[in-house]
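Down below is the structure, laid out as structure tokens.
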Amino acid sequence: MKVAVQHEDLQLLAKTLQEQLLVEVSSAEVFEVKCAVNKDGLMILTQHESDVIADAQIIFAVIEEVLQSLAPHREQRVQCFLRVSGEQLPYAKCFLPLKQTRGWGDEEVGGAG
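Take 7 as the starting number for the sequence shown in my numbering and just add one per residue.
So this is what it looks like as structure tokens:
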């Protein structure tokens with residue numbers, strides 16, 4: 007049961023990331039996102055067709071932003087990979103050590119301004 011729930015959670019996360027990339031990256035309709043968990047933490051693979059020019063820094067920043075907004079109370083290690091569809095190896099990768107925050111939405115809540 008736990009494995010099935012985790013699989014559904016990973017599918018939902020992948021869909022959420024893909025939708026956010028569509029909003030924030032102009033060519034994102036050609037991106038595919040896959041998520042998996044291993045002993046080291048969460049792995050996120052983003053891939054695209056060979057004719058698409060992708061800015062890895064922007065893509066990784068969007069992924070980090072989404073993860074932080076979904077689980078700001080959890081500390082986890084996330085490995086992100088970016089590759090061309092059909093290729094075995096990624097051409098870009100990053101490690102996101104997501105830090106635990108004090109509560110939900112701390113950064114967005116300001117004073118009574």
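Glycine included, each C-beta is placed from N, C-alpha and C at the ideal position.
- Query: Any idea what DSSP makes of I69, helix, strand or coil?
  - Reply: helix
- Task: Tell me whether S91 counts as near the ligand MG, meaning its Cβ is closer than 6 Å to at least one heavy atom of that ligand.
- Result: Questions concerning the ligand MG fall outside what the structure shown contains, since it holds no ligand whatsoever.
- Item | Residue closest to K21, alpha-carbon to alpha-carbon, out of V31, V39, V29 and H13 | Of V31, V39, V29 and H13, the residue nearest in Cα terms is V39.
- Going by beta carbon distance, what residues of the same chain come within less than 6 Å of S32, once the five residues before and after it are set aside? none
- Message: Please classify I59 as buried or exposed, where buried requires at least 16 neighbouring CB atoms within 10 angstroms.
- Response: Burial state of I59 is exposed, judged by a 10 Å Cβ sphere holding fewer than 16 other Cβ atoms.
- What's the gap between the Cα of M49 and the Cα of V90? 17 Å
- Given G123 as reference, the closest of V43, D57 and R83 once Cα atoms are compared: Outside the shown range of the chain (7 to 119) lies residue 123, about which nothing can therefore be said.
- Helix or strand or just coil, what does DSSP make of L28? helix
- Inspect the beta-carbon positions of C86 and I69 and report whether they are closer than 7 Å. yes
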